[in-house]
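Q:
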Amino acid sequence: MKKVVLGVTGGVAAYKAAELARLLMRGGAEVHVIMTPAATEFITPLTFQALTGNPVYVNMYADRSGEKIQHIDLLENTDLVVIAPATANTMAKMASGLADNLLTTLYLAARCPVVIVPSMNVNMYEHSVVQDNIKKLAGHGCQVMDPEAGELACGVYGRGRMPDPLDIYAFTRAVLRPKDFAGVKSLVSAGPTREPLDPVRFLSNPSTGLMGYALARALTERGADVTLISGQTHLQAPAGVNKVDVTTTEEMFDAVFEHYKESRLVIKAAAVSDYRPLEVSEQKVKKSDGKSMIELARNRDILFELGKEKGDRVLVGFAAETEDIFDNARQKMDRKNLDLIVINNLKEPGAGFAVPTNRVSIIDRSGEVENLPLMDKEELAHYILDRIARML
Ligand SMILES: Cc1cc2nc3c(=O)[nH]c(=O)nc-3n(C[C@H](O)[C@H](O)[C@H](O)COP(=O)(O)O)c2cc1C
C-alpha cells in the first residue's frame, strides 16, 4: 500500500479514524487526510496532522502550493481513497454527484478504488433513502464496508456502528490485493482434530488454526471461492468463506471428499490425528489404580487419498517436523503426490502451533528448498499463494 487518501466526515465515529490513520501508516502507507468542515467539529485536523506528518485538507479554496489544484494534486499516484466514517449526508452527495467540498469533489475525480464505511444511528442507516444511496454508490464501484450491529453512541442498539479500525484496515488491504485467484474453487483445511476417548476427553494437538484461516482469508481477498473445513478453533471464519465444522479426522475426511471434486486447489493445513482411540466409552471413564492402556486405531490418511485422485488439481500440504526435516518432507511430498509442501520446523522459535508468526521452508516439485524468514502468518499466507499462483 503506497498512497492513501483518508476522508473523514462529520459523524460521531470520526475519532476512530485517527486509529485507522495510524494503522495505515504502520502498514507502510503515506496517508493524506481530508476532513469535511463538519468533521472538524468532532476531531481536530491537528490530530491527523500529528499522526500522519502531512497537512490536513479541509477548505477546497485554501491556496497551499500556489500552483496546484488540491483535489487533483492529492489524487496523483493515489492507490486508495477511504471514507471513514461516511455520513448519510456525504454519501447522499456522492450518490448524486454533488461536489460542494474538497472530499466530495475529490471523490468525483478519483480513478482508484474507493472504500466507504457508513456509520450512523440505526434509524438513519435503515432509512430507504440512505440504503438507496449506499446501493447506488456500490453500483458506481465503491467498496462498501457494512457497519456493525451493537450499542450506538446515541444509546440505542442496532446496526450503524463503525467497525473496529483494525477490521477497516484489513478491508482496505483486501481491496488492494490482486484478484489473481478469481473464481478458483479452493478447499482449505485448518485447525486440530479431536479424537474422543469418552464424553469429556479427547486426544488432540495444540493447533489453533491460525495458518489455515490466514490462507482461507488470503484466498478470499484474492478472489477465490473458498470452502474451509475446520476443526474446533476459537477463530472467526473470514467473511465470504463457506465454513464446514468438523471434530474428528474421520469427519474431516468425509467433509474434504464431499468438496474435493469441484476444487481446483486444495491446501491441507489442518493438524489431523493419525490415530484415534479404538474404543470410545459412552460414559466418563473412572479412574482406577495402576496403569491404564489406550488402544489406538489408524485413521484414514486424507492427504494420501487426495493425492491418489489428484487429477489436474494443485495439492499443497503442510508438514510439522522435528527431525530430518527435509528428508521427511520430501518423502511425504512423493508419497502423497503433492505439488508443494510447506514445512514447519517445530523446534524453531516463533514457528508452528499457536503463535501468530511462522518460520517455514517450502519445497516444490523440482525438489528445491526455499527457506523463508520469520513471517507473520497473514503475510506468509500471501507468499504461499504467490507461489501457487504460478502453478495454476
Ligand atoms: C453529535 C452529532 C453526531 C452525529 N453523528 C452522525 C453520524 O454518526 N452519522 C451521520 O451520518 N451523521 C451524524 N451527524 C450529522 C452530521 O454531522 C451532519 O449530517 C453533517 O451535515 C454531516 O456533514 P458532512 O457529511 O459534510 O461531514 C451527527 C451530528 C451531531 C450533532
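Numbering (the numbering used here) for the sequence shown: 2 to 393.
Positions of the beta carbon are idealized from the N, C-alpha and C atoms, including for glycine.
(1) Around the Cβ of residue 165, are there at least 16 other Cβ atoms within 10 angstroms (buried) or fewer (exposed)?
(2) Classify residue 32 as helix, strand or coil using the three-state DSSP reduction.
(3) What residues are listed by DSSP as bridge partners for residue 144?
(4) Any idea if residue 323 is buried or exposed, counting beta-carbon neighbours within 10 angstroms, 16 or more meaning buried?
(5) Quick check on DSSP: helix, strand or coil for residue 1?
(6) Does the pairing of the segment 215-223 with the segment 177-196 give three or more beta-carbon distances under 8 Å?
(7) Hey, which unbroken runs of the beta strand (DSSP E) at 3 residues or more fall wholly within the segment 299-384?
(8) Could you say which of 99, 89, 245 and 111 lies nearest to residue 7 if we only look at CA atoms?
(9) Exposed or buried, which one is residue 1 when buried takes at least 16 other CB atoms within 10 Å?
(10) By Cβ distance, which residues of its chain are closer than 8 Å to residue 39, with the 5 residues on each side in sequence left out?
(11) Helix, strand or coil for residue 228 per DSSP?
(12) When you measure from the CB of residue 14 to every non-hydrogen atom of ligand 1, does any distance come out below 7 Å?
(13) Within 8 Å of any Cβ in chain D, is that where the Cβ of residue 197 sits?
(14) Evaluate contact between the segment 92-110 and the segment 14-28, counting only Cβ atoms and requiring at least three cross-stretch pairs below 8 Å.
(15) From residue 13 to residue 273, what does the alpha carbon distance come to, in whole angstroms?
(16) Smallest Cα separation from residue 54: which of 71, 63, 30 and 315?
(17) Which residues bound the alpha helix (DSSP H) around residue 168?
(18) State the beta-bridge partners of residue 202 as determined by DSSP.
(19) Can you check whether the CB of residue 226 is closer than 8 Å to the CB of residue 186?
(20) Could you check the C-alpha separation between residue 149 and residue 100 for me, to the nearest Å?
(21) Just to confirm, are residue 80 and residue 177 a CB contact at a threshold of 8 Å?
(22) For a quick check, are the C-beta atoms of residue 113 and residue 82 less than 8 Å apart?
(23) On the premise that residue 119 lies in contact with residue 92, defined as a C-beta separation below 8 Å, what is that separation, rounded to the nearest angstrom?
(24) Just to confirm, does residue 90 get its C-beta within under 7 Å of one of the non-hydrogen atoms of ligand 3?
(25) Can you check whether the CB of residue 285 is closer than 8 Å to the CB of residue 197?
(26) Cβ of residue 86 within 8 Å of Cβ of residue 36?
A: If we stick to the structure as given:
(1) exposed
(2) strand
(3) 116
(4) exposed
(5) Look at the range of the chain in this structure, 2 to 393, and you will see that residue 1 is not part of it.
(6) yes
(7) 315-322, 341-346, 361-365 and 370-372
(8) 111
(9) A query on residue 1 cannot be resolved here, the shown segment of the chain reaching from 2 to 393 and no further.
(10) 10, 11, 88 and 90
(11) strand
(12) yes
(13) The structure shown contains no chain D; it is built from a single protein chain.
(14) no
(15) 47 Å
(16) 30
(17) 166-177
(18) 199
(19) yes
(20) 28 Å
(21) yes
(22) yes
(23) 6 Å
(24) For the structure depicted, ligand 3 is absent and the ligand set comprises only ligand 1.
(25) no
(26) no
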